[in-house]
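Below: one structure, written as structure tokens.
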Amino acid sequence: MPLGRGRRALVVAVVASGVMLGVAGCGDLNRDELNRGVESLSSIAAEGELIASGVARDATKSTYTRVMAKTLGGEAEHEAEKLADAEPEEAVAAERGKAVAVAREISELFAELQTYPGDERHGATVQKHMAGAKTKADAIAEDLTGEEQ
0 MPLGRGRRAL VVAVVASGVM LGVAGCGDLN RDELNRGVES LSSIAAEGEL IASGVARDAT
60 KSTYTRVMAK TLGGEAEHEA EKLADAEPEE AVAAERGKAV AVAREISELF AELQTYPGDE
120 RHGATVQKHM AGAKTKADAI AEDLTGEEQ
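Just so you know, we're using numbering that gives the first Met the number 0 here: the sequence shown kicks off at 0 and counts up by one.
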């Protein structure tokens, strides 16, 4: 069954939009762009550390913890995907790999908080590991900029 003129134009527009979106998110990754992503990860990990601290001290409502863990975990996962999709410049390829690993680690830690939002023991463990993930992100940023974070 042949497509009508309007429908054919719609199909072409949808396909073109998909191609444009696919290309837009997968560009070259330079040192500055990677550094911005790593700084975002450091910030997300710091927020996670605070939330986990509240869980560890039984000072945070489970609903709040679960919602924030889902939101921030999604941001960390999105950052991991964005960094993994981009083609890094040769000079930052190793740091990009480390940044993706840290982003995945942060995302998994948020998943732990989301699963156990009221468990003080899990909160304390996540707090400790989130601090470690922030330290790793800061070390990557230092490698990229040459400046202490």
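Ideal Cβ positions, reconstructed from N, Cα and C, are used throughout, including at glycine.
Counting only unbroken stretches of 4 or more residues, the alpha helix (DSSP H) elements lying wholly within the stretch 28-71 are 30-55, in sequence order. When C-alpha distances from Leu-82 are compared across Arg-103, Leu-49 and Val-125, the shortest belongs to Arg-103. Taking C-beta atoms as the reference points, Lys-135 and Glu-48 fail to come closer than 8 Å. Secondary-structure assignment with DSSP links Glu-86 through a beta bridge to Asp-27. DSSP places Glu-147 outside any alpha helix (DSSP H), giving it a letter other than H or E.
Proximity of the stretch 69-88 to the stretch 39-56 meets the contact definition, three or more beta-carbon pairs being nearer than 8 Å. By alpha-carbon distance to Thr-114, the top candidate from Asp-31, Thr-62, Arg-56 and Arg-35 is Thr-62.
Under a 10 Å Cβ-count criterion, Arg-95 is classified as buried, with 16 or more other Cβ atoms of the shown protein chains found around its own Cβ. In this chain, the alpha helix (DSSP H) harbouring Gly-96 covers 92-114. Of the candidates Ala-98, Ile-105 and Glu-86, Glu-86 places its Cα closest to the Cα of Asp-27. Relative to the Cα of Leu-108, the nearest Cα in the group Ala-93, Arg-120 and Gln-126 belongs to Gln-126.
Straight across, the Cα-Cα distance linking Gly-145 with Leu-71 is about 28 Å. Asp-118 sits in coil when the DSSP states are folded into three classes, being neither helix nor strand. Taking each of Gln-148, Arg-35 and Ile-139 in turn and checking the Cα distance to Lys-97, the smallest one comes out for Ile-139.
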